[in-house]
Structures are given as structure tokens and as C-alpha cells.
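Contents: one structure, followed by commentary.
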């Protein structure tokens, strides 16, 4: 997927390149009937099961997805383990996402890596409309 951002920047009226650009896609069912949240985490950086359950519950309360909301978790050995930047999150996010954006499935990607963001006061960063990283070492 690396380098594909320009190709998916405007699919079905949504702006994939801008953080928050898929917010309406979550709230309505006309373009995406199903939602998949892919959580890629470094070894020992996986979220607690209660956190994942609460995320799914809250999304179910606000997102109109008649075909359901699924959360897929993957343990990933990220190439970066110390200092992250927005471009590094974007690059690795595109490399590790299981599936490219599809026309009927809204996919959001959460990365939970080892290491810190370049600004150590940052706990999380959204780098495009579907990719965020959360830094528990910060």
C-alpha cells in the first residue's frame, strides 16, 4: 500500500488523506456497510481486552454499520522501535495494513508500537483518515 495514498485520496466522496476525513463514513451506511478496526501491536504492547470490547461497543453505538463492526488484532515486529514521526507512522501503517481500502468495508488502522513519538508529550497521532498510532511508552 505504500505510495497509494494519492490513489485513494477521494473514494466515494471521502478524503482519505486527511485525519477525520472518514468520520461521516463511520456514521452512515450508504457507502460502507461494514467496519473493520485493525489493531497492529508490538509484542507486549497489546491493548487490554476490556479496552477492545469498550471500543467495539462505543463504535456500535455511533456507527451505522448493518453488516457489523469487527476488530482484528495482529502482533507485529515493527522495524522502528525507538522514535516515531508522522511520516514513519504513515509509511509503516501502509506497509502493515492487512487489506487495502475497499468499496464496501470501512477499514481503520490502529498501530501500538514500541517506542515514543518524536515529541515525547504526544501520546497518539492521526496521520491520515484511517491510520492512528498510540504510544504507551510516552
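Residue numbers (my numbering): 10 to 147. In this text, a Cβ means the ideal position worked out from N, Cα and C, and glycines have one as well. If you're wondering where the values come from, they're calculated on a predicted model, not measured in any experiment.
{"Check": "Whole angstroms is fine: what's the gap from residue 148's alpha carbon to residue 114's?", "Outcome": "Because the chain spans 10 through 147 in this model, residue 148 falls outside it and cannot be assessed."}
{"Check": "Using C-beta distances below 8 Å, list every residue in its chain close to residue 94, excluding the 5 sequence neighbours before and after it, in chain order.", "Outcome": "126 and 127"}
{"Check": "Only counting the same chain, and skipping five residues up and downstream in sequence, which positions put a Cβ closer than 7 Å to that of residue 129?", "Outcome": "147"}
{"Check": "Okay, do the stretch 60-74 and the stretch 34-48 touch, 3+ Cβ pairs below 8 Å being the bar?", "Outcome": "yes"}
{"Check": "Please say whether residue 101 and residue 84 have beta carbons closer to each other than 8 Å?", "Outcome": "no"}
{"Check": "How long is the line joining the alpha carbons of residue 132 and residue 121, rounded to whole angstroms?", "Outcome": "11 Å"}
{"Check": "From the DSSP output, read off the bridge partner residues of residue 142.", "Outcome": "120 and 134"}
{"Check": "Hey, quick one: how far does the beta strand (DSSP E) through residue 47 stretch, first residue to last?", "Outcome": "43-50"}
{"Check": "Taking buried to mean at least 16 other C-beta atoms within 10 Å of its own C-beta, is residue 136 buried or exposed?", "Outcome": "buried"}
{"Check": "Would you mind giving the Cβ-Cβ distance between residue 145 and residue 41, rounded to the nearest angstrom? I have them listed as a contact below 8 Å.", "Outcome": "That belief does not hold up - the Cβ atoms of residue 145 and residue 41 are roughly 29 Å apart, past 8 Å."}
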